[in-house]
Each structure stands twice: as C-alpha cells, then as structure tokens.
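Take a look at the structure below.
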Amino acid sequence: ETGVTQTPRHLVMGMTNKKSLKCEQHLGHNAMYWYKQSAKKPLELMFVYSLEERVENNSVPSRFSPECPNSSHLFLHLHTLQPEDSALYLCASSQDPGTPFSGNTIYFGEGSWLTVV
Amino acid sequence: AQRVTQPEKLLSVFKGAPVELKCNYSYSGSPELFWYVQYSRQRLQLLLRHISRESIKGFTADLNKGETSFHLKKPFAQEEDSAMYYCALRGATNKLIFGTGTLLAVQP
Chain A
1 ETGVTQTPRH
11 LVMGMTNKKS
21 LKCEQHLGHN
31 AMYWYKQSAK
41 KPLELMFVYS
51 LEERVENNSV
61 PSRFSPECPN
71 SSHLFLHLHT
81 LQPEDSALYL
91 CASSQDPGTP
101 FSGNTIYFGE
111 GSWLTVV
Chain B
1001 AQRVTQPEKL
1011 LSVFKGAPVE
1021 LKCNYSYSGS
1031 PELFWYVQYS
1041 RQRLQLLLRH
1051 ISRESIKGFT
1061 ADLNKGETSF
1071 HLKKPFAQEE
1081 DSAMYYCALR
1091 GATNKLIFGT
1101 GTLLAVQP
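Structure, rendered in structure tokens:
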C-alpha cells in the first residue's frame, strides 16, 4: 500500500485505558507529524518528527506521548485521556520540514477517529 | 502571530455558478499559502499552493499581500467539487497552520 496509512480507523477508549495510534508512510519521507482535528476548531499541529527526532512539541499535554522508532513509523500513545480529547487524529509526512518555499508537500493519512468515554 | 481565517463554515452554490472560498491570513513575513481539500470519506490532500501559480481542477488562488488574502476561486462549480476546503499557511517556523475550513456544497 502506498501513501500514509493509519490504524485503527476508529477507537473508543475509557479514561483509564492505555491505547496507541499507529501511522506508517510508504513515501520515503523523513518527517512525520501528528495533527488533531476537533469539531469547531482548526487543525492543530501536535508533534513534528524529523529524521526520527522530535523537533516540535506544540504544548501538548503529557497524556499524549509520541514515538518515532524509524522514519516510516509514528505512534501516538494515549493514557488517561479526557472526553474533550475525542477528535480525529491525523498523521502526515513530508520530505522534511524543510525551509519555507522548499515546495515540500505534506501528505495526510485518513485519520483515526478517537472517542473517549 | 500566525493565523488563518476562513469566515464561511458553509458555502452552498448551484452547479455552474462561480465559487469563491475566502481565506485571510495574519503573518508578518512572507508566507507560503496552500489550499487543502477533503472529499467525503477521503483523506486531506493538497489542492494547490501559491508558489506554483497553477490551476488544479479549475481552481485558482491568488495571493494578495495587500489584503492578506488567498481566496480560492472557480468560475463554474461542479457537483464533484463538494468537499471541505482548508486554507493553510506556513511561515518561517515551518508550522503548517490551518483555518477552520469551509464546506462547499454544490447543488445540482
């Protein structure tokens, strides 16, 4: 399969559960991202990894813990979430965060719908 | 601060009518602007970017630095254009900041 794939597509978890979202990209990119898409709010950048190193943490609560074991895989570990964390979590990748006007396009996965009950 | 504003949550037009999806931005430097589109049950994907000055699926967008706008236009809407459209900005920090999106509904 090509592109950016995310699993699971849907996840329902309790506030005391521990779960993980997985993302895999088959584009040969070296930067990966997690975005959060909530109702009534813009897409929010959560984390950026470049060459497997976290280069940005956009003030995300510690109950979200990312992991990037290699340039093709990205995880988002979830622990003691709150109902307001229910959202669509989008993974994306690009050639690298690059410099402005480098022309590198960001490609998105289909997202993982998370519901916290 | 970087900010992208899409004032319309929903834009409904009839097939064949012109379409303009508004996008205004706030950024002190020279931004890089994009339009992303999400069709029903599909992933978010790049539609066009201002540096390319291209027309994709009949859509164009011109960066107007004076008005700090990057409106998306198409002269004749098609039913298959119905989708969620997001304007996005990338500045010196390389963060991609999105607007809240506009749902375009093209009626037959």
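Going line by line, the protein sequences match chains A and B.
Position 44 (the first sequence) corresponds to 44 in our numbering; numbering is contiguous.
Position 8 (the second sequence) corresponds to 1008 in our numbering; numbering is contiguous.
In this text, a Cβ means the ideal position worked out from N, Cα and C, and glycines have one as well.
Residue i, buried or exposed, once every other Cβ within 10 Å from all chains shown has been counted against 16
| i | result |
| --- | --- |
| B/R1090 | buried |
| A/T16 | exposed |
| A/D85 | buried |
| B/R1049 | buried |
| A/L51 | exposed |
| A/V116 | buried |
| B/Y1085 | buried |
| B/D1081 | buried |
| A/E24 | buried |
| A/P69 | exposed |
| A/K36 | buried |
Cutoff 9 Å: residue i Cβ touching any chain A Cβ
| i | result |
| --- | --- |
| B/V1019 | no |
| B/Y1025 | no |
| B/V1106 | no |
| B/V1004 | yes |
Limits of the unbroken beta strand (DSSP E) element including residue i
| i | result |
| --- | --- |
| B/Q1038 | 1032-1038 |
| B/A1077 | Element bounds for B/A1077: n/a, residue is neither H nor E. |
| A/P83 | Run containing A/P83: none; DSSP gives neither H nor E here. |
| B/A1088 | 1083-1090 |
| B/M1057 | The amino acid at residue 1057 of chain B is misidentified as Met; the sequence shows Lys. Note, B/K1057: premise wrong, no beta strand (DSSP E); not H, not E. |
| A/S20 | 18-25 |
| A/A31 | 31-37 |
| B/E1020 | 1019-1021 |
| B/I1097 | 1096-1098 |
| A/P69 | 64-70 |
| B/L1063 | It is not in any beta strand (DSSP E) - B/L1063 carries neither H nor E in the DSSP assignment. |
| A/R9 | No beta strand (DSSP E) holds A/R9; DSSP gives it neither H nor E. |
| B/Q1045 | 1045-1049 |
| B/A1001 | First-last for B/A1001: undefined, no H or E at that position. |
| B/F1014 | 1010-1014 |
| A/L45 | 44-50 |
| A/N58 | Counting along the chain, A/N58 falls outside any beta strand (DSSP E), and DSSP gives it neither H nor E. |
| B/Q1107 | 1102-1107 |
| A/F75 | 73-79 |
C-beta neighbour in chain B for residue i, strict 9 Å
| i | result |
| --- | --- |
| A/Y107 | yes |
| A/N58 | yes |
| A/L51 | no |
| A/E84 | no |
| A/V4 | yes |
| A/E67 | no |
| A/P8 | no |
| A/L114 | no |
| A/L90 | yes |
| A/L81 | no |
| A/P42 | yes |
| A/L45 | yes |
Near the ligand GTP: residue i beta-carbon under 8 Å from a heavy atom
| i | result |
| --- | --- |
| B/E1080 | Looking at this structure, you won't find the ligand GTP or any other ligand, since it has none at all. |
Against chain A: residues of the region 1039-1069 of chain B by CB proximity under 9 Å
R1041, Q1042, R1043, L1044, Q1045, L1046, R1049, I1051, S1052
Going along the chain, which residues of the region 1081-1102 of chain B sit with their C-beta nearer than 9 Å to a C-beta in chain A?
Hits within the stretch, in order: Y1086, A1088, R1090, G1091, A1092, T1093, N1094, K1095, L1096, I1097, F1098, G1099, T1100, G1101.
Using a Cβ-Cβ cutoff of 9 Å, what residues of the region 10-33 of chain A are near chain B? List them in chain order.
Y33
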